[in-house]
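Quick note on the working numbering: the sequence shown kicks off at 134 and runs consecutively. Okay, structure first, notes after.
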Amino acid sequence: MNTRETGKPIRESAAVEIGGSVRTLEYYSGAHTRLNGETIQVNENQISLTIKEPVGVAAHIIPWNFPLLLSFWKIAPALLAGCTVVIKPAELTSCGIFEVAKLCSEAGLPDGVLNVVPGAGSVAGQALTEHPGISKIAFTGSTEVGKNVMRTAAGNIKRVSLELGGKAPCVVFPDADVDGAVEASLRGGFFNQGENCTAVTRLMLHEKIYDQFLSTYLDRISRIKIGNPEDTETEFGTVISKEHYNSVMNYIEKGVSEGARVIAGGDRPAGFDKGYYIAPTVLEDVRPGSTVTREEIFGPVVCVMPFRTEQEAVTMANDVEYGLAGGIWTRDINRALRVAKAIKAGYLWVNTYGGIIPETPYGGFKQSGIGKELGSEGIDNYLETKCVNIFTGKSTGKWYRG
Ligand code: NDP
């Protein structure tokens with residue numbers, strides 16, 4: 134069902150949507166034993182306790198690119214914290230989450246704990262964001278809608294966490310394992326047809342390895358097996374919808390009109406006249422500051438950009454309004470850490486790319502979001518900290534003298 138709804142290859146549905154959801158549940162399954170407050174001996178006459186309490190009803194608004202995995206990133210910590218949940222899936226991918234709710238019910242989850250409210254974002258999503266009975270909104274989606282969610286949620290001061298768009302750089306220095314960087318960048322750029330907020334969209338190659346990298350990269354792209362998403366051999370499927378197909382194709386045209394050169398893909402793959410197939414696409418000679426280097430395309434389109442110095446690479450990496458993820462390839466650990474600190478993004482990989490691990494806090498800087506999901510911070514999203522001050526002395530004394 135996940136493959137039918139999204140167009141992603143079934144091997145990605147199995148490994149990432151199902152496998153990743155199971156990993157998330159496993160990680161959080163024992164975490165209730167760690168929901169501890171603190172005991173603070175303020176002075177000899179006072180002990181203060183902090184108590185963690187569920188924030189209340191949480192609404193989860195989910196996009197279409199990973200409808201199951203992104204739901205579980207939110208459901209698991211919310212239920213663990215003691216919240217009840219209302220999920221609003223994307224209209225394009227509503228079916229899978231109903232199956233999840235059915236399974237949860239069969240497994241004994243009481244009625245009313247996990248609720249699914251399908252419908253258009255502007256109606257069902259907006260209603261949840263406005264609803265006074267909801268205390269917490271966890272939203273994953275575009276930056277534009279995220280801003281609206283934040284504004285609307287101010288109505289009753291809902292707690293808000295936002296996981297928004299990205300425009301990830303991947304910087305390859307001349308001392309890198311180039312073959313390793315090629316493989317990881319391929320996966321990073323074209324996995325899930327590039328419909329991935331952490332996708333490698335700006336591949337920054339040092340001029341010394343530029344030609345070597347590109348020749349292997351383009352050869353490897355030409356071997357990606359495009360096909361029917363339901364075929365287990367397929368490595369690359371279709372984008373989600375006609376509307377999104379048109380949007381991605383318009384970005385490619387815009388890139389070309391702004392001076393970029395298509396060196397792979399750029400159109401439907403040969404032999405695929407039907408369905409929303411877009412071949413893995415690489416743009417070269419992109420002008421810094423042009424639309425394709427700044428805006429989130431959310432499809433299989435990668436811009437390659439040469440650089441000379443570390444400072445130039447960092448400046449280019451930070452030259453976007455997003456700050457979600459990025460990659461750094463170098464064998465020099467000092468450089469890796471220096472660049473990791475300099476890149477303004479929330480989730481970085483060094484000498485690898487991709488794979489968001491449930492143990493680690495994930496979330497964006499700048500206009501890529503607010504707050505973290507996963508890890509122990511992911512639970513904090515659903516908890517309030519109450520402080521109880523207990524006087525243990527004989528008398529609190531008199532403030533007024535009379
Ligand atoms: P949208 O922002 O269009 O939609 C996201 C969700 O919000 C959908 O369920 C949508 O419903 C709903 N929605 C739409 N309008 C409103 C509204 N006014 N009030 C409340 N909810 C609303 O994003 P897409 O679904 O197109 O997903 C792609 C985007 O998600 C990309 O920008 C991507 O970067 C981002 N994303 C971020 C991730 C991260 O972890 N940072 C991970 C994955 C994706 P409906 O679709 O039914 O109208």
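Idealized CB from N, CA, C, for every residue including glycine.
Sorry if obvious, but does the Cβ on residue i come closer than 6 Å to a heavy atom of the ligand NDP?
i	result
residue 253	yes
residue 237	no
residue 428	no
residue 346	no
residue 431	yes
residue 508	no
residue 258	yes
residue 298	yes
residue 450	no
residue 281	yes
residue 362	no
residue 330	yes
residue 110	In the structure as shown, the chain begins at 134 and stops at 535. Residue 110 is therefore absent and cannot be evaluated.
residue 198	yes
residue 278	yes
residue 154	no
residue 192	no
residue 186	no
residue 224	yes
residue 266	no
What residue range does the beta strand (DSSP E) around residue i cover?
i	result
residue 249	247-249
residue 264	No beta strand (DSSP E) contains residue 264, which DSSP labels as neither H nor E.
residue 482	480-483
residue 459	458-462
residue 151	No beta strand (DSSP E) holds residue 151; DSSP gives it neither H nor E.
residue 256	Here residue 256 belongs to no beta strand (DSSP E), and DSSP marks it neither H nor E.
Alpha helix (DSSP H) containing residue i: first to last residue?
i	result
residue 326	That residue, residue 326, is in no alpha helix (DSSP H); it is neither H nor E in DSSP.
residue 384	375-390
residue 447	443-450
residue 350	343-355
residue 234	228-239
residue 206	202-214
residue 603	Because the chain in this structure spans residues 134 to 535, residue 603 falls outside the shown range and cannot be described.
residue 282	276-286
residue 512	508-513
Residue j and residue i - do their beta-carbons sit closer together than 7 Å?
i	j	result
residue 396	residue 417	yes
residue 184	residue 523	no
residue 456	residue 425	no
residue 191	residue 149	no
residue 295	residue 279	yes
residue 372	residue 411	yes
residue 392	residue 414	no
residue 308	residue 442	no
residue 225	residue 197	yes
residue 384	residue 409	no
residue 357	residue 366	no
residue 360	residue 432	no
residue 298	residue 458	no
residue 331	residue 286	no
residue 138	residue 237	no
residue 515	residue 188	yes
residue 454	residue 499	yes
residue 526	residue 178	yes
residue 283	residue 440	no
residue 201	residue 268	no
residue 481	residue 475	no
State the beta-bridge partners of residue i as determined by DSSP.
i	result
residue 439	338
residue 176	179
residue 522	181
residue 397	415
residue 271	193 and 294
residue 302	335
residue 502	296
residue 369	359
Flag this pair as touching only if the region 483-490 and the region 314-325 have three or more C-beta atom pairs under 8 Å; answer yes or no.
yes
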